[in-house]
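Residue numbers (the numbering used here), protein chains in the order written: chain S, 1 to 160; chain Z, 1001 to 1298; chain F, 2001 to 2790.
Beta carbons: idealized from backbone N, C-alpha and C, even for Gly.
Source: prediction; values computed, not measured.
These notes concern the structure reproduced below.
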Amino acid sequence: MRIPIVLKVNGKEYCLEVKPNEILLNVLRDRLHLTGTKYGCGIGECGACMVLLNGRPIASCQTLAVCQSGQEITTIEGLAQNGKLHPLQEAFVDEGAVQCGYCTSGMILSAKALLDKNPDPTTDEIQEAIRGNLCRCTGYANIIKAIKTGARRIREGTRG
Amino acid sequence: MSNSQVITHDFDYYSPKTIEEALKNLKEEGARVLAGGTDVLNEIKMGGQRPKGLVYILGISDLDFLSWGDGLKIGSATIWSKLEEDGRVKQEYPALYDAVKSMGAVQIRNMATVAGNLCTASPGADSAAPLMALSAQVEISRINDRGETERRTIPLEDFFTGPRKTALDQGELLTAILIPAPFQSSGSAFRKIARVKLSIAKINCAVYVEREGDVCTHVRAALGGVAPKPVRAFSFEQTMTGKELTPGSLARAAEMVNEDISPRNARSTAAYKRHAASYLIQDTLEVAWKRSGGEMEK
Amino acid sequence: MVGNYQGVRIEMEEKEYSFLGKDFPRKDGIARVTGKETYPSDIYLEGMLHGRILRSPHPHARVKSIDFSEAEKIGAVCLSFNDVPSKHFNLRQVSIPRSTFKDWQVLTDHMRQIGDPFGAVAAETVELEAKAAEAVKVEWEVLPSYMTIDEALAATKNLIHETVYLEDKEITIQNNIACTREVVEGDVNEGFKEADVIVENEFVTSRVYHAQLEPKACACRPESDGGVTVWPATQALHNTRILIGEIFDIPLSKVNVVRIAVGGHFGSGIHTNPVNLITVALALKAGRPVKIVQSREEDMYDHSKYPTRYALKVGARKDGTLVAGEMKAYVDIGSHHIQALAFLGVLAGWWHSLYRLPNMKYEGMAIYTNKAPACAMQGFGAPQVTFGVESTMNMLADKLGMDPVELRVKNYVGLGEVFWGQGPTIRSVIHSDGVKELLYRGAELSDWKDRGDPKTKTGRYRRGIGFARGFHTSGTGAPVPGEVKDYSTPQVKVNEDGSIDVLTALMDHGGGTLDAVAKLVAEEFGVPFEKVGISPADTRSTGYDVCTHATRGVYCGGGAVLEVARDAKKVLLGFASRILDAPVESLKIKSDPEKGQGMIYVEGIPSKNVTVREVAQTAMNKDWGTAIAVRSVRMVNCPPCFTTYFVEVVVDMETGRVKIEKVVAGSDAGTVINPILARGQLHGGFYRGAGMALVEDAEYDEKTGKLKCDGLLTEYKMLGAADLPGPENIQTFFAGTHEPTGPMGAKGIGESAVNPVPGAVALAIQNATGIYFTKLPILPEDIHEAVLGD
């Protein structure tokens, strides 16, 4: 059984035929070659496969591509606009929040979803929001700082 | 060894747009409901489940609602996050709000449905204890032999029939959760104990309390992760109901919790669970009591 | 900021660095925040097949027969142990041959753990390869399994390994004992006679899993000349290449291993992971490129930290001087020997180099069990040992009525002393020592003085403050070469526009090693950091580098690059002297930030100057040549980088739950090159060390041989962001030391950032509860039980 679907990823429409059992993460990576979204645990808990579905973070390893036909998906590749980095992306680099980088895609999307709802989060609120993003390298401290810096820059319309 | 990367099992896929369509699809032999996918897909990937077909219900807008009337009706395609976002849930059913906040990762809250959590029927399901404490019922729909849509409503206690077993028959769909309106001076709370915050609950507890002055006029308490299915703490309720709330009366009631639970050695030692359950229920009731406007001497 | 304890000159204060000690956006930062960085699992090659390893469902078994027919019908390429060379080797090529035990084969019919590979399949899509793997039918002869050290030691037949090789000598294994090691200094019996107090305990640490976020993956393309190009997850480019060439009989000139970003190692890539070799074997058989991406479940059966069980007895005089110590260690190494012999040696080394022990006896034994093979994980035994040693020091302090900080100060191995952290064969002298500063300042910044006596604490929630100190060696260099190889072969060249290319086989696991290397070169040439490029590296274009481990990245790797940079600088200055008509000895370089160039000038005559760019261009146009150098460099020291952690916790005496409130982390890394990333190392080290102390344990079910967590990350408990203090409650500071043997005064930091942490957390819990826990992890149930017991 092959089902025609339309995946709207980062503002672009992809028409493809998929089997019902194809997982969204694998379709994004293997068929659309958007490899910024990563596989980390396969059970939706580590956040490496996070994408935004209509603005909400979801685990792309926990849903089928067929289920998301017609929905708006944002991956890390869609964050920078016209070559200009999103303030969160800049802040992550500036605050040492990137080490091996494997959690970074999911972590930034998670942070973006948080700031879209809560433009001035406290440490507790950030820790709560990134509970689903495992980072094995940084110990989270610089990530929290980066999210605060990104939030401030968005509010002030500045770059450091 | 399981393979969390890819699904090899081939299945039929249905994406109905109405409840009736879904019910028809579910009559197919071997058809299972697919909601958020966070349980079902893992069961297929790694648990050896091989359903013949999956019926995806999140495309049914008639099932995605939070309807306030005399109480709250939650459509079965409603994701957890929507409960978090609706301010009235936090106000009127704080136990349910606590449960949402305490569940795993935000990505799971954005995909998983409350109804789906009930249907998976894990003994420690985060949805069970709060909904049971709040006297929730579930509405189950099916298409009968005459082709008509039928509905029945049962209390949540009767919905769980065993570990990971529910009262749903083949072809039936849980379509809504109904929670009665809370009393004026009432409060509720949900707490859980887990090794670290990001994990499946080891044991959890929800309490709903009605207050008149310093007296608990009515108490409903439910525990998860302490028995093959979520249970009401009847002995605790009976001991607490009608009593003035003091640290002493609370402690005495909490001791009765031992009568209500039978933990297997699932995730931690039984002795620890008994001890933990008894003060967990105290902690939870204290919070519910405060939310009902009450105070308790220390 | 002053740090002249012991009178070490503080060059940091006097010297103004242009690039060292300043933060710049990391060079790979933009790629990583935009999803453009390529990791092994992201490799796509034309005609590529997806592979899957076939693994044993039994903890101990032999393959009787394999039926590939159904898999072949799907169109899969199939591989078994019959299709690959049967040579024995050790996946880790860091030790010299005579210290290398070989008990691995690419594929085998003797399964020694659940997950042991016996074959592999490859197919066009990920679904097909998974289906093909499911379609392979195997007949098994199940053997008795040994899931604990005691079971394994009791066995006399059906051993996990019967014959292994040490270099090329055949060794017969008895009772599943992989190897043993003994180290003796002085006379312990005499030593204990002088002791006024003795403390004796057994310490146990668990099977921690690295949980690096990227499960191991590898891609390989077979080349038309019979060679291979490989993109593996590895810390050891050249060792991987050597192993591939040796096993598959391909000249190294045809084997190219490419450096690629990786989603974390923490020591799990020092050895060439089995997936790398199996990918090569599959690609060679298929005649097409193959990529294998392990699932998380497979990865959890692939490697783990060394669990330890050791008895530790230490004696001291009543003035606090340690006089004697005895340690007997049992290490469960799982299904294979990766670096067990070296591990046994460093256990003794860390112990001996924490505190002066004139008389010591150490016995270590490594035992095979049917579990994932243990391999190095951050600290390589130091977190395990430091936990026991620091706990013992506090127990001694209790008995002696001495201040625990002063007891450390009195006994620690420091400036001017000989130490052998990496084991008895690697000895050197300590030339920089910020330990006192770390201890005194850490005590000041935390509320150490107000920690209180646990015996007086009451109530349900109890506060406790504990500390521990530790160190790691910066690499494994020493004046006299020992058991492990250690050198690098970098190349540095000045480009025609004054920018610089640095070519090194060093790996950066995310900590910023390569950025640090670039800063050293920038500082040396006065050329802006942005203009020092770290070239893509592979084994064809680079000379041998032993691998990036043992916290050697900056000190050894950077040290080597700096030496070679100075060679290239000599050539450049030679050109410049011709241009400026001044002797080379009179020429100096500095950074000219306005011009964005390195500036060469005559000392005392600043008007006589020329930019690096002008020199390079002139040298090109006049056919003088390129300022380039390449050389192997070995550092002859492995200076300890010290750390101290003061940790404040609150323990809920009812539930046993521990909340970490505050952390004060002090590090002596010599010159700090990347401040923000160095702090990141301390944060990360704390997080992983605290996880080891409080929750992490990849336990096995002794009956089934399966991981209790079943390979699910949900079930392998780790701390989350909300379990750690926020950045406002984490303080970090650096001691003002300068390592004279290090590149511009730098030492390492990496592993030192985790080593003392489990001990510090355990001792904080002791201060809150009054109970010394000697077994990690310290779970809420354990605290609850111990508190009830009281």
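{"Query": "Chain Z partners of E2127(F), CB-CB under 8 Å?", "Result": "V1006, I1007 and T1008"}
{"Query": "Please determine if the stretch 2760–2773 of chain F and the stretch 2674–2682 of chain F are in contact, where contact requires at least 3 C-beta pairs separated by less than 8 Å.", "Result": "no"}
{"Query": "How many Å lie between E2603(F) and A2576(F) at the Cα?", "Result": "13 Å"}
{"Query": "Using a Cβ-Cβ cutoff of 9 Å, what residues of the stretch 1097–1111 of chain Z are near chain S? List them in chain order.", "Result": "K1101, G1104, A1105, V1106, Q1107, I1108, R1109, N1110 and M1111"}
{"Query": "Classify F1234(Z): buried if its beta carbon has 16 or more other beta carbons within 10 angstroms, exposed otherwise.", "Result": "exposed"}
{"Query": "Determine the burial state of M2001(F): buried for a count of at least 16 other Cβ atoms within 10 Å of its Cβ, exposed for fewer.", "Result": "For M2001(F), the pLDDT reaches just 38, beneath the cut-off of 50, and the residue's location in the model is therefore unreliable, leaving the point undetermined."}
{"Query": "What does the alpha-carbon distance come out to for the pair A2076(F) and V2650(F)?", "Result": "57 Å"}
{"Query": "Quick check on this structure: which residue in H2472(F), A2316(F), I2338(F) and A2374(F) has the alpha carbon closest to the alpha carbon of T2386(F)?", "Result": "H2472(F)"}
{"Query": "To which residues of the same chain is K2102(F) closer than 7 Å at the C-beta, ignoring the five residues directly before and after it?", "Result": "H2088, F2089, N2090, V2164 and Y2165"}
{"Query": "Take N2729(F) and list the residues in its own chain whose beta-carbon comes closer than 6 Å to its own, dropping the five residues that flank it on each side.", "Result": "K2662"}
{"Query": "At which residues does the beta strand (DSSP E) containing D2592(F) begin and terminate?", "Result": "L2587 to D2592"}
{"Query": "By the 10 Å Cβ neighbour count, where 16 or more other Cβ atoms means buried, how is W1080(Z) classified, buried or exposed?", "Result": "buried"}
{"Query": "List the residues of chain S that R2221(F) touches, going by C-beta distances under 7 Å, in chain order.", "Result": "By Cβ distance, chain S contributes nothing, its closest Cβ being about 18 Å from R2221(F), past 7 Å."}
{"Query": "Taking contact to mean 3 or more Cβ pairs, one atom from each stretch, closer than 8 Å, check whether the stretch 2348–2365 of chain F and the stretch 2314–2325 of chain F are in contact.", "Result": "yes"}
{"Query": "With a threshold of 7 Å (Cβ to nearest heavy atom), would V2275(F) be considered close to the ligand ATP?", "Result": "In the structure on display, the ligand ATP does not appear, and there are no ligands present to speak of."}
{"Query": "For my contact list, A2505(F) and T2542(F) are in at a C-beta cut-off of 8 Å; report their separation, rounded to the angstrom.", "Result": "4 Å"}
{"Query": "Would you say D30(S) lies against chain F (beta-carbon separation less than 8 Å)?", "Result": "yes"}
{"Query": "Hey, quick one: how far does the alpha helix (DSSP H) through T2241(F) stretch, first residue to last?", "Result": "The sequence shown places Arg at residue 2241(F), not Thr. Counting along the chain, the alpha helix (DSSP H) containing R2241(F) begins and ends at L2237 to F2248."}
{"Query": "Going straight from the alpha carbon of L109(S) to that of A97(S), what length do you get?", "Result": "14 Å"}
{"Query": "Which of helix, strand or coil does DSSP assign to L1223(Z)?", "Result": "strand"}
{"Query": "Give me the residue from P57(S), P4(S) and R153(S) with the minimum Cα distance to L114(S).", "Result": "P57(S)"}
{"Query": "Taking only three categories from DSSP, how would you classify E2134(F)?", "Result": "helix"}
{"Query": "Assuming G2498(F) and T2611(F) form a contact by the criterion Cβ under 8 Å, report the distance between their Cβ atoms to the nearest whole angstrom.", "Result": "6 Å"}
{"Query": "Roughly how far, in whole angstroms, is the beta-carbon of Y2368(F) from the beta-carbon of I2114(F), given that I think they are within contact range, below 8 Å?", "Result": "Contact doesn't hold; Cβ gap of about 15 Å is too wide."}
{"Query": "Would you mind telling me which residues of chain S sit closer than 8 Å to D1012(Z), beta carbon to beta carbon, in chain order?", "Result": "M1 and P20"}
{"Query": "With distances taken from CA atoms, which of K2588(F), E2437(F), K2659(F) and M2365(F) is nearest R2463(F)?", "Result": "K2659(F)"}
{"Query": "Near N142(S), what residues of its chain come up, given a Cβ to Cβ distance below 7 Å and the 5 sequence neighbours on each side ignored?", "Result": "E95, G96 and A97"}
{"Query": "When you compare only the Cα positions, how much space is there between V2389(F) and L2312(F)?", "Result": "8 Å"}
{"Query": "For the stretch 2054–2065 of chain F and the stretch 2139–2157 of chain F, state whether three or more C-beta atom pairs, one from each stretch, are separated by less than 8 Å.", "Result": "yes"}
{"Query": "What are the start and end residues of each continuous beta strand (DSSP E) run of 3 or more residues lying completely inside the stretch 2666–2745 of chain F, in chain order?", "Result": "2730–2734"}
{"Query": "Give the interface partners of C135(S) over in chain Z, defined as CB-CB distance under 8 Å, in chain order.", "Result": "Ordered by position in chain Z, no residue passes the 8 Å Cβ test against C135(S), which lies about 12 Å from the chain."}
{"Query": "Quick one, which of Q2105(F), V2126(F), V2183(F) and S2069(F) has its alpha-carbon nearest D2116(F)'s?", "Result": "Q2105(F)"}
{"Query": "Looking at C-beta atoms only, is the number of pairs between the stretch 2215–2231 of chain F and the stretch 2687–2704 of chain F that lie closer than 8 Å three or more?", "Result": "no"}
{"Query": "Counting only Cβ-Cβ distances shorter than 8 Å, please list the residues of the stretch 37–65 of chain S near chain B, keeping chain order.", "Result": "Protein chains in the displayed structure are S, Z and F, and chain B is not among them."}
{"Query": "What are the uninterrupted segments assigned as alpha helix (DSSP H) that are 4 or more residues long and contained completely in the stretch 2401–2440 of chain F, given in chain order?", "Result": "2404–2411"}
{"Query": "Exposed or buried, what is T2458(F) when buried is set at 16 or more other beta-carbons lying within 10 Å of its beta-carbon?", "Result": "exposed"}
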